[in-house]
């Protein structure tokens, strides 16, 4: 489940980047308003700002939602097995490898 949400999250991120790069900056509006023929555009008289702006808002909302969902899923997971030995194995190793206290010579003063 988490991998599916992560794939959707990545696609939303790429879509956001593409939509943001397609939009014109604020400085281009002044030059385009002097006889630019804005009413003949594909997106209507408002230009692409209305359509691309709404799409960007929807993608950003979905991206935010998947971010929260992935964060929630990460907190609900149990810690993964990292291949570390269990406490019993470590105790057995110490018993086998470390000398007993009776065999250790007393420190000399």
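In this note's numbering, the protein residues as written are 2 to 110. Cβ coordinates follow ideal geometry from the N, Cα and C atoms, glycine included.
Would DSSP call residue 107 helix, strand or coil?
It is coil, neither helix nor strand.
Is it true that the CB of residue 67 sits closer than 8 Å to the CB of residue 18?
Contact: no.
Going straight from the alpha carbon of residue 8 to that of residue 87, what length do you get?
So the alpha carbons of these two residues sit roughly 34 Å apart.
Does DSSP put residue 87 in a helix, a strand or coil?
Here residue 87 sits in coil by DSSP.
Taking DSSP as the reference, what is the three-state secondary structure of residue 3?
Residue 3: helix per DSSP, three-state reduction.
Look up residue 26 in the DSSP assignment and say whether it is helix, strand or coil.
Three-state result, residue 26: coil.
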